[in-house]
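So the sequence lines, in the order shown, correspond to chains A and B. If you count the first sequence from 1, position 39 lands on 38 in numbering that gives the first Met the number 0, and the numbers rise without skipping. If you count the second sequence from 1, position 25 lands on 24 in numbering that gives the first Met the number 0, and the numbers rise without skipping. Note that the Cβ used here is the ideal one computed from N, Cα and C, for glycine as well. Just so you know, these numbers come straight off a predicted model, no measurement behind them.
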Amino acid sequence: MKIIHCPVIGPRPLTEFTVVGVSAPEPEDLGGMSPGAWVFNRDSVPMERTEWWYHGATQLWFKVRRHTGADRIVGVELARANKNG
Amino acid sequence: MSLRLLKYAFIEDYAEPRYFNTPDSLGDSYDVVIIGAGGHGLACAYYLARDHGIHNVAVLEKGYIGGGNTGRNTTIIRSNYLTPEGVRFYDASLSLFRDLSAELEINLFYSERGHYTLAHSDATLRTARWRAEVNKHLGVDSELVGEEHIARACPELRQDCGGNHPILGALYHAPGAVARHDAVAWGYGRKASQAGVEIHQKTEVVGIETQGGRVSGVVTNRGTIHTSTVLSAVAGHTPGVLKMLGLSSPIEIYPLQACVTEPIKPWLDTIIVSGSLHLYISQSSRGEMVMGASLDPMELHSRRSTFEFVSSLCDQVLDLFPFLSEVKINRQWAGMVDMTPDFAPIMGTTPVAGFFLDAGWGTWGFKATPISGKTMANTIATGQNDELITSFNLSRFEDFQLVGEKGAAAVGH
Ligand SMILES: Cc1cc2nc3c(=O)[nH]c(=O)nc-3n(C[C@H](O)[C@H](O)[C@H](O)COP(=O)(O)OP(=O)(O)OC[C@H]3O[C@@H](n4cnc5c(N)ncnc54)[C@H](O)[C@@H]3O)c2cc1C
């Protein structure tokens, strides 16, 4: 079983998480890209990227940095680390 | 030992003809270059030659014939889809499959088993009824059935599901079938090869050249080829090939895993699918239980297998068939599948003239092998999208004209 080492909740099995998707800033404007392309198109080639992961049991959100070709997790941080609570 | 084999002990030359020609060198130019020698690429090559007299074709394969998802799938063939365009398309594929063994002169072990999509909730039952109505309207044998029917077809199935999500009914599709997946690729490859098509294995496409917005050539690890027409039929590698041309698509790559048990006596002659339990199961002609589940939980460009997959699949299978707890898993594997947001393929012309796409086959493309080959061949020969595939064009996303086939997906995603 793949174990994810998280801040606050410690080591957790992969099956406890929902991988929600890529975490990327919204662009100010689409710069000529059509709305359809912005909504649907993806860049699904092997790369290192940051994703939203949700841990159901504790209702915590994490930002997980992962390589999508090597199946390797590079870093995990709490998504709202600097908010109170 | 068969007499046929014994004969070879006394003959000097090994007389069995090779399945495929193995051309020594790449040509300088071809009328059509097909990227990917999976079932789809080889079928297209075959129909280009058979239906359109286009023989000067090269199929380029970076690995070996059928080594992609074609040789990794669980071979379920059905046409009980949800949208009229989907039902028409897949049903045309079933018609081709029925005569394909004879046509390709290879035994595909095409075996109609009857396909049950179990409903464990009112919502699934509702989708099943909707599918049955659409199917019947289009002449596809499909109906909603209850407990007694299921019990007759599969007495071993524990319909109370261990008390957890009891079964309320099922969508029954009598023509649902399985076939030998490798043979589909070999059969199309051999016939295409006999018609003059060149199949180059261990030949990877690394770039596509254009001139004035038109395809002009293909760059491979073995040199550059001139061509005005390229078909990409690379399933799990589609985003990388699109990138060579600066094109984008909604395709995302996920691993899809499957496994087989040790062979046991024949007991299951139907195909059982449960979307709620995320599983499907059939018995191969060798006696193995062939089983699969839904996609892996995250995008990944790799074919590694995981323990999470087998353990959660077995957990669910045992709710339906507790007696299988004694049976061992023999092998597990994964393929990289090209998922689309509406669970429909992406086929036909693209914004780059001379570049055609056959992709977005996700977890459902094996059954489409014959019809996608045929319609893509027609599209390439005429330069116009075949009428069966017009709704599947890449442009549908820009236009917000999605197909909405998700409700007919075999397992929850
Ligand atoms: C576990 C699993 C179960 C499945 N179950 C079913 C099922 O029950 N029913 C069903 O209908 N479908 C099923 N599918 C889906 C089905 O297998 C695929 O949709 C279908 O086989 C795709 O065929 P293809 O010919 O398009 O692609 P592939 O068979 O994947 O062929 C693509 C080929 O392109 C080659 N290639 C890639 N990039 C390059 C390059 N740059 N240069 C040269 N060659 C390249 C690859 O090596 C590969 O051989 C399943 C898939 C998996 C993984």
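Looking at the DSSP output, Tyr-89 (chain B) bridges to nothing. Residue nearest to Pro-262 (chain B) within the set B:Ser-281, B:Ile-271, B:Asn-163 and B:Pro-249 is B:Ser-281 (criterion: CA-CA distance).
Chain order gives the chain B residues near Val-44 (chain A) as Pro-238, Gly-239, Lys-242 and His-300, where near means a beta carbon separation below 8 Å. Val-233 (chain B) sits close to Ile-34 (chain B), with the two beta carbons spaced by under 7 Å. A contact is defined here as three or more CB-CB pairs under 8 Å, and the region 54 to 72 of chain B meets this definition with respect to the region 164 to 183 of chain B. Taking the Cβ of Val-233 (chain B) as the reference point, at least one heavy atom of ligand 1 falls within a distance shorter than 6 Å. The C-alpha of Gly-68 (chain A) lies about 11 Å from the C-alpha of Arg-48 (chain A). Put simply, the backbone Cα of Ser-94 (chain B) is about 44 Å away from that of Glu-15 (chain A). Closest by C-alpha distance to Gly-113 (chain B), out of B:Ala-380, B:Arg-87, B:Ile-105 and B:Ser-141, is B:Ser-141.
Under the DSSP assignment, Pro-254 (chain B) falls in the beta strand (DSSP E) whose first and last residues are 251 to 260.
Taking 3 residues as the shortest admissible run, the region 165 to 242 of chain B contains the following complete beta strand (DSSP E) segments, listed from N- to C-terminal end: 168 to 172, 197 to 199, 204 to 210, 213 to 219, 222 to 225 and 229 to 231. A residue is called buried once 16 or more other Cβ atoms fall within 10 Å of its Cβ, and His-172 (chain B) is buried on that count. Unbroken beta strand (DSSP E) runs of no fewer than 3 residues, entirely contained in the region 273 to 309 of chain B, are found at 278 to 282 and 288 to 291, following chain order. Between Pro-340 (chain B) and the set B:Leu-47, B:Ala-101 and B:Arg-395, the nearest pair of CA atoms involves B:Arg-395. Between the alpha carbons of Leu-103 (chain B) and Gly-372 (chain B) lies a distance of about 14 Å. In terms of beta-carbon proximity, Gly-35 (chain A) lines the interface with chain B, with at least one pair separated by less than 7 Å.
Residue environment: Pro-174 (chain B) is assigned as buried (16 or more neighbouring CB atoms within 10 Å of its CB, all protein chains considered).
For Ser-247 (chain B), at least one C-beta of chain A is nearer than 7 Å to its own C-beta.
Residue burial is scored here from C-beta neighbours: Asp-98 (chain B) has fewer than 16 other C-beta atoms within 10 angstroms and is therefore classed as exposed. Proximity of the beta carbon of Ala-257 (chain B) to ligand 1 is indicated: a heavy atom of the ligand is located closer than 6 Å. Residue environment: Phe-306 (chain B) is assigned as exposed (fewer than 16 neighbouring CB atoms within 10 Å of its CB, all protein chains considered). In the structure shown, Asp-314 (chain B) falls within a helical segment according to DSSP collapsed to helix, strand and coil. Using a 10 angstroms sphere on the CB of Met-297 (chain B), the tally of other CB atoms reaches 16 or more, which defines it as buried. When CB distances to chain A are screened at a threshold of 7 Å, the residues of the region 337 to 370 of chain B falling below it are Pro-340, in chain order. For Ala-367 (chain B), the number of other beta carbons within 10 angstroms of its own is at least 16, and it is reported as buried.
Assignment of Ile-388 (chain B) by DSSP, reduced to helix, strand and coil, places it in the helix class.
Not one heavy atom of ligand 1 sits closer than 6 Å to the Cβ of Val-196 (chain B). In terms of CA proximity to Glu-197 (chain B), B:Asp-27 leads the group B:Lys-6, B:Asp-27, B:Asp-385 and B:Ile-270. In summary, Ile-10 (chain B) is exposed, with fewer than 16 beta-carbon neighbours lying within 10 Å of its beta-carbon over all protein chains present. Taking the Cα positions, Thr-219 (chain B) is about 50 Å away from Thr-57 (chain A). Rounded to the nearest angstrom, the Cβ distance from Phe-355 (chain B) to Thr-378 (chain B) is 6 Å, consistent with a contact under 8 Å.
A check of alpha carbon separations from Gly-195 (chain B) across B:Asp-385, B:Lys-201, B:Arg-3 and B:Ile-53 identifies B:Ile-53 as the nearest. Taking a cut-off of 8 Å for Cβ pairs, the region 76 to 91 of chain B and the region 128 to 139 of chain B touch, as three or more such pairs fall below it. Going by DSSP, Asn-329 (chain B) is part of the beta strand (DSSP E) stretching over 328 to 338. Identification of residues in the region 10 to 37 of chain A having a C-beta nearer than 7 Å to some C-beta of chain B yields Leu-13, Thr-14, Val-18, Ser-33, Gly-35 and Ala-36, given in sequence order. Spanning the alpha carbons of Thr-126 (chain B) and Gly-406 (chain B) requires a straight line of approximately 7 Å.
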